[in-house]
Amino acid sequence: MENSQPSLTIDDGVLPQAAALPPEEPSLPPGEWIKKNLFSTPFNAVLTVVFGAIALFFIDLFVDFVFSEERRWNGTATNLRLLMTQGYPESQYIRIWVSVGFLAALTGLCSGIWNAGDAVSMKRISTWFMSTGAFGIIAIALSPLDTGGKTTWFIASAVSLAIGLALWYGLGDQKRRSTFVRTPYLIYGAIAAIVASLWVVPYGNYTFSDGVLTNEPDSIVAFTTRWPWLVMAFILIGTYIAGRFAPASAARVFKPILIGLWVLSPLIIVWVILRDPELDWDHVISTDIPMALGFILIGGALLYALSKPGLGEIGKLAGFGLLLFAAFHWLAAFFGWYPMLQKARLSFLFLALFAMAAANFAGDRRTRLQLVFGWGIFMAVLHYFATMINTASTLEFRGDFFLGGYALTLFVSVMTLMLSFPLGVMLALARTSRLPIFRLLSTVYIEAIRGVPLITILFFFSVVLNLFLPNGMSVSETAAVVTGYTLFSAAYLAENVRGGLQSIRRGQFEAADALGLTGSQRTGFIVLPQALRVSIPPLVGQAIATYKETSLVAIVGLNDLTRIANAIIPAQSEFLGVQMENLILISFIYWVGAFSMSKYSQKLERRLGVGER
Amino acid sequence: MSISDATTAVSEELASRDDMIVCTGVDKWYGDFQALKGVTATVKEQEVVVVLGPSGSGKSTWIRCINRLEQHQGGSIVVDGVELTNDVRNIEKIRSEVGMVFQQFNLFPHLTVRDNVTLAPKWVKKQPKDQAEDKAMELLTQMGIPEQAEKYPGQLSGGQQQRVAIARSLAMEPRVMLFDEPTSALDPEMIKEVLDVMKDLARSGMTMIVVTHEMGFAREVADRIIFMESGEIVEVGTPEHFFTNPTEDRTKLFLSQIL
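This is the structure in structure tokens:
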């Protein structure tokens, strides 16, 4: 479970001082290391040879498979876009890139501001290079095949081995151990190198766009791939640098905003990606923007006036009057007396709420302007979202057309996790509640769900959910699947959280009681934080399972990553039967996601463990 | 019940003070086992009462009944004029006036020392953050550990943790402090630092009930000593009376075993 070499990873980026290190034996050179660890006794030598041979045999099979003449990797390469986003219209692709860029900026800023990542010693990095290189050379040398790709990989492996050896022998023993590189530099450096290589290395240009199939094995990748990724890399690294060197005062302000943006990011991205491509720009310019500006400016002026010190009862009355006015509009809409944009009704309601809070901001100019700026930002966000979703087509998820491929996989897993986590925590609390009715309901629910296979639940919801809804209302296949999956996942999360709840010692409850905390304060401040911390390993296990098991939605007919790889690409007339290549690629994609989650959870456990030590 | 009450030996001044805690015939059962048998005792304002007795004698059970960590099944407990009943408001009122320090410290391991101390004032007493934090630093300074404010409980020694626990209780500005064997889980070299803090607290006029095995503390600090055995109060008296001239045989036996 724990890192194999914990002594080499340092928590929180605090580098140990060389003087504080215990005296350590000098590291063995690679040859000596092999002798000591692999061939120390005749018996160990036999074991090494036997198991090494078995491992090499399987590796060899895999290499032969990958580099075989029969593999048609161009089928996979041509369909990368299909695998990622299925039929998302090419003309609107900028939105996908805007979303990826948004996430890249968030990631960069956060890792910079929080100074994320560990430090890795030079010694370890050089062993990575050496072992990768040696492994590659052996695996390729043993393969009897003779194709062009093999030579390239062989050279790459040799270069890796050479870099590793150079690092090993180039730095003195003491230096190698005490030189640390921070993981963000490694990761961002690797990303920069890969993106730069898109511009020089002839990976081949395979695209299918506007009905034209391009197949140029010896050219560099398509223009539409090179450019966006270059921009993304710049955003990622630029925001990292910005965050890293931001002054502490700015960092303090940005931290809560960034956390909020992470929480909102799935919704923001869904809106950006799914809103109607045919946005009515005339309406936006003639109505939406003026209305937003009007509310921001006139509302702001009103709030500034209402926060005048010493206004007394008049301010309260004005706020109350506004509230009545807003409430009247909601009534009017309910009974259909006269039409008004929902957005305006919402804005009036919030204006009333802000006005009622205005007395709290009575004071000097700065305090009053805080309220006005807060109002302006709030209105801008509200009107942005309202405009984005205030079009007919975005109210339903167009699962069969818009969303597919890896985007659908991510959508289903992220939505499921976001919705099932609070539900699961509530179920766990209900199951440990003192009130028998909560306990009974929660137990029945959890045991019922846990007794049914996931695939049954998915079928059930995709067919039955629409029958339960009131007349005139329907949900798309995707929404139905997310609903079913959320209910399923919540039951398992609840059991994980319950395990954590039961591990809290009685003394913690007593201490909270003795201090006079109420039941909900005790749960929220004392019990749940500790219980969730204990549950991190099983919760992340559940998250990983959720992410991988989204592949089951293929069975109910959604075009997720697995289904496209397994059924759709092999049916294309150009790439009939190209299936195994796709499956290898998507295995790698799934693995990257699951492995990062598992690594991250290990880190989280270590960091949160501070309180337990 | 034969209690040789030596209250007469206690000063007139103490007897004239207001009652802080009045327990009358308190009964408590665990299943068929009766843990408290008609415990009757009165604690005056600003009085320090030390409760002694062999393990399993009901000392801890009794003080845990006073802030409703255990529910008594017979008799009555009145704290500062409020009777402890099933009424939640009474329980909340009493808990906000009665602080408790546990044998196992029971600090919140996921919060820093500062947050441990400020949590209840902020959320129960609705104090502003700044005020609560100033008060916390003042208390931690009083406990001699202001430099530990940003650490987590797990990073402190046992003695430091117990002092944080005392600060956490005092932050609620209680009128009574209950100590449930506060030094029993500590290494010998740390007992003194906790006892010193408790002595200071006693001198400052806090009403205290202390369950302990520290005879030196009892002799030096207590206004009265209550000796319990098998769920009953056997003998009550001043430290002088208790250690030099106990009247009950059971008390004599206990003292002969420990001294």
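As you go down the protein sequences, you meet chains A and B in turn.
Going by my numbering, the first sequence opens with residue 1, and the numbers climb by one from there.
Going by my numbering, the second sequence opens with residue 1001, and the numbers climb by one from there.
Glycine included, every Cβ here is placed at the ideal spot set by N, Cα and C.
- Span of the alpha helix (DSSP H) around Gly-1158 (chain B): Reading the second sequence from its first residue, position 158 is the one you call residue 1158 (chain B). Note, Gly-1158 (chain B): alpha helix (DSSP H), 1158-1170.
- Taking all protein chains shown into account, decide if Lys-1028 (chain B) is buried (16 or more other Cβ within 10 angstroms of its Cβ) or exposed. Locating residue 1028 (chain B) in the second sequence gives position 28, counting from the first residue. Its Cβ being crowded by 16 or more others within 10 Å, Lys-1028 (chain B) is buried.
- Query: At least one CB of chain A closer than 7 Å to the CB of Gln-1104 (chain B): is that the case?
  - Reply: For this step, residue 1104 (chain B) is matched to residue 104 along the second sequence. Yes, because at least one Cβ of chain A sits closer than 7 Å to the Cβ of Gln-1104 (chain B).
- Taking all protein chains shown into account, decide if Val-1236 (chain B) is buried (16 or more other Cβ within 10 angstroms of its Cβ) or exposed. Working through the second sequence from its first residue, we reach residue 1236 (chain B) at position 236. Counting Cβ neighbours within 10 Å, Val-1236 (chain B) comes out buried, since at least 16 surround it.
- Message: Below 8 Å on C-beta distance, what does Arg-1095 (chain B) contact in chain A?
- Response: Numbered from 1 along the second sequence, position 95 holds the residue referred to as residue 1095 (chain B). Under the 8 Å cutoff, chain A gives Asp-513, Ala-514, Leu-515 and Gly-516.
- Item | Tyr-304 (chain A) (DSSP reduced to helix, strand or coil) | Indexing the first sequence from 1 puts residue 304 (chain A) at position 304. Annotated three-state conformation of Tyr-304 (chain A) is helix, per DSSP.
- To the nearest angstrom, how far is it from the Cα of Phe-320 (chain A) to the Cα of Met-356 (chain A)? As a working note, residue 320 (chain A) is residue 320 in the first sequence. As a working note, residue 356 (chain A) is residue 356 in the first sequence. In a straight line, the C-alpha of Phe-320 (chain A) is about 7 Å away from that of Met-356 (chain A).
- The beta strand (DSSP E) enclosing Trp-199 (chain A), as first and last residue numbers: Locating residue 199 (chain A) in the first sequence gives position 199, where the first residue counts as 1. Looking at the DSSP string, Trp-199 (chain A) is not in any beta strand (DSSP E); the run it does join, the alpha helix (DSSP H), is 183-200.
- Could you check what DSSP says for Gln-1103 (chain B) in three-state terms: helix, strand or coil? Position 103 of the second sequence, counted from the first residue, corresponds to residue 1103 (chain B). In the structure shown, Gln-1103 (chain B) sits in coil (DSSP, three-state: anything other than H, G, I, E or B).
- Query: By Cβ distance, which residues of its chain are closer than 7 Å to Pro-1121 (chain B), with the 5 residues on each side in sequence left out?
  - Reply: Your numbering for residue 1121 (chain B) matches position 121 in the second sequence. Exclusion of the five residues before and after Pro-1121 (chain B) leaves Gln-1127, Ala-1132, Lys-1135, Ala-1171 and Met-1172 as the residues of its chain whose Cβ lies within less than 7 Å of its Cβ.
- Item | Classification of Arg-431 (chain A) by the beta-carbon crowding that lies within 10 angstroms, buried from 16 upward | By 1-based counting over the first sequence, the position of residue 431 (chain A) is 431. Counting C-beta atoms within 10 angstroms of its own C-beta, Arg-431 (chain A) has 16 or more neighbours from the protein chains shown and is therefore classed as buried.
- Burial state of Pro-1174 (chain B) (16 or more Cβ within 10 Å): The count along the second sequence starts at 1 and reaches residue 1174 (chain B) at position 174. Label assigned to Pro-1174 (chain B): buried.
- Item | Neighbourhood of Val-1234 (chain B) by C-beta distance below 7 Å, restricted to the same chain and skipping five residues each side | Position 234 of the second sequence, counting from 1, holds the residue named residue 1234 (chain B). Cβ within range, chain order: Phe-1227, Met-1228, Glu-1248, Arg-1250 and Thr-1251.
- State the DSSP-derived secondary structure class of Gln-1034 (chain B), mapped to helix, strand or coil. For this step, residue 1034 (chain B) is matched to residue 34 along the second sequence. Gln-1034 (chain B) sits in a strand when the DSSP states are folded into three classes.
- Message: Tell me the rounded alpha-carbon separation between Asp-218 (chain A) and Tyr-203 (chain A).
- Response: Here residue 218 (chain A) refers to the residue found at position 218 when the first sequence is read from its first residue. Here residue 203 (chain A) refers to the residue found at position 203 when the first sequence is read from its first residue. In a straight line, the C-alpha of Asp-218 (chain A) is about 7 Å away from that of Tyr-203 (chain A).
- Query: With DSSP run on the structure shown, which of helix, strand or coil describes Gly-117 (chain A)?
  - Reply: On the first sequence, position 117 is the one that residue 117 (chain A) refers to. Assigned with DSSP and collapsed to three states, Gly-117 (chain A) falls in coil, not helix or strand.
- Query: Is the shortest distance between the beta-carbon of Met-1100 (chain B) and the beta-carbons of chain A less than 7 Å?
  - Reply: Stepping through the second sequence from its first residue, residue 1100 (chain B) is reached at position 100. Look at Met-1100 (chain B): its C-beta is under 7 Å from a C-beta on chain A.
- Message: Taking the alpha-carbon of Arg-439 (chain A) as reference, which of A:Val-452, A:Leu-427 and A:Ala-448 has the nearest alpha-carbon?
- Response: Along the first sequence, one-based indexing puts residue 439 (chain A) at 439. Checking every option, the nearest Cα to that of Arg-439 (chain A) belongs to A:Leu-427.
- Gly-1159 (chain B) and Val-1194 (chain B) closer than 7 Å at C-beta: Locating residue 1159 (chain B) in the second sequence gives position 159, where the first residue counts as 1. Locating residue 1194 (chain B) in the second sequence gives position 194, where the first residue counts as 1. Val-1194 (chain B) is positioned such that its CB atom lies closer than 7 Å to that of Gly-1159 (chain B).
- Is Leu-1069 (chain B) close to chain A, meaning its C-beta is less than 7 Å from at least one C-beta of that chain? Position 69 of the second sequence, counted from the first residue, corresponds to residue 1069 (chain B). For Leu-1069 (chain B), a Cβ of chain A is located within less than 7 Å of the residue's own Cβ.
- Query: If we cut at 7 Å on Cβ distances, does Val-1117 (chain B) have a partner in chain A?
  - Reply: Looking up residue 1117 (chain B) in the second sequence gives position 117. By the rule that beta-carbons nearer than 7 Å mark a contact, Val-1117 (chain B) does not touch chain A.
- Task: Would you mind telling me which residues of chain B sit closer than 7 Å to Gly-507 (chain A), beta carbon to beta carbon, in chain order?
- Result: Counting from 1 along the first sequence, the entry for residue 507 (chain A) is found at position 507. Within 7 Å of the CB of Gly-507 (chain A), the CB atoms of chain B belong to Phe-1102, Gln-1104 and Asn-1106, in sequence order along the chain.
- Item | Whole-angstrom distance between Ile-155 (chain A) and Ser-442 (chain A), CA atom to CA atom | Looking up residue 442 (chain A) in the first sequence gives position 442. Looking up residue 155 (chain A) in the first sequence gives position 155. Straight-line Cα distance between these residues: approximately 60 Å.
- Measure from the alpha carbon of Phe-1179 (chain B) to the alpha carbon of each residue in B:Gly-1038, B:Val-1117, B:Val-1048 and B:Ala-1041, then state which is nearest. For the purposes of this step, residue 1179 (chain B) is taken as residue 179 along the second sequence, with counting starting at 1. Here the closest residue by C-alpha is B:Val-1048.
- DSSP on Ser-209 (chain A), reduced to helix/strand/coil? Translated into the one-based positions of the first sequence, residue 209 (chain A) becomes position 209. DSSP places Ser-209 (chain A) in strand when its eight states are reduced to three.
- Task: Please name the residue in A:Ile-446, A:Ala-318, A:Pro-228 and A:Gly-189 whose C-alpha comes closest to that of Ile-241 (chain A).
- Result: Residue 241 (chain A) sits at position 241 when you count from the first residue of the first sequence. That would be A:Gly-189, whose Cα lies nearest to the Cα of Ile-241 (chain A).
- Task: Taking the CB atoms as reference points, tell me whether Leu-1036 (chain B) and Gly-1231 (chain B) lie closer together than 7 Å.
- Result: Taking the first residue of the second sequence as 1, we reach residue 1036 (chain B) at position 36. Taking the first residue of the second sequence as 1, we reach residue 1231 (chain B) at position 231. Cβ atoms of Leu-1036 (chain B) and Gly-1231 (chain B): closer than 7 Å.
- How far does the alpha helix (DSSP H) with Phe-335 (chain A) in it reach, from first residue to last? Against the first sequence, residue 335 (chain A) aligns to sequence position 335. Residues 313-335.
- Query: Are the segment 474-485 of chain A and the segment 545-560 of chain A in contact at 8 Å, needing three or more beta carbon pairs?
  - Reply: With the cut-off at 8 Å, the segment 474-485 of chain A and the segment 545-560 of chain A touch.
- Residue closest to Glu-605 (chain A), alpha-carbon to alpha-carbon, out of A:Val-201, A:Gln-508 and A:Arg-533: The count along the first sequence starts at 1 and reaches residue 605 (chain A) at position 605. Of the listed residues, the one whose Cα sits closest to Glu-605 (chain A) is A:Arg-533.
- Query: Which partner residues does Cys-1023 (chain B) have in the DSSP bridge list?
  - Reply: Along the second sequence, read from residue 1 onward, the residue named residue 1023 (chain B) stands at position 23. Bridge partners of Cys-1023 (chain B) according to DSSP: B:Ala-1041 and B:Ile-1077.
- Query: How big is the Cα-Cα spacing for Thr-1042 (chain B) and Gly-1075 (chain B)?
  - Reply: The count along the second sequence starts at 1 and reaches residue 1042 (chain B) at position 42. The count along the second sequence starts at 1 and reaches residue 1075 (chain B) at position 75. Answer to the nearest angstrom: the Cα atoms are 13 Å apart.
- Query: With distances taken between CB atoms, is the gap from Val-578 (chain A) to Gly-117 (chain A) smaller than 7 Å?
  - Reply: Counted from its first residue, the first sequence places residue 578 (chain A) at position 578. Counted from its first residue, the first sequence places residue 117 (chain A) at position 117. Not closer than 7 Å, so no.
- Within the chosen definition, does the segment 277-291 of chain A reach the segment 123-142 of chain A through at least 3 CB pairs nearer than 8 Å? No, the segment 277-291 of chain A is not in contact with the segment 123-142 of chain A.
- Item | Pairwise C-alpha distance: Met-130 (chain A) and Val-120 (chain A) | For the purposes of this step, residue 120 (chain A) is taken as residue 120 along the first sequence, with counting starting at 1. For the purposes of this step, residue 130 (chain A) is taken as residue 130 along the first sequence, with counting starting at 1. A straight-line Cα-Cα distance of about 16 Å links Val-120 (chain A) and Met-130 (chain A).
- Query: In its own chain, which residues sit with a C-beta less than 8 Å from the C-beta of Phe-216 (chain A), not counting the 5 before and 5 after it?
  - Reply: Taking the first sequence and counting its residues from 1, one reaches residue 216 (chain A) at position 216. According to the sequence displayed, residue 216 (chain A) carries Glu and not Phe. Within the same chain, Cβ atoms closer than 8 Å to the Cβ of Glu-216 (chain A) are found at Gly-204, Asn-205 and Tyr-206, the five residues on either side in sequence being excluded.
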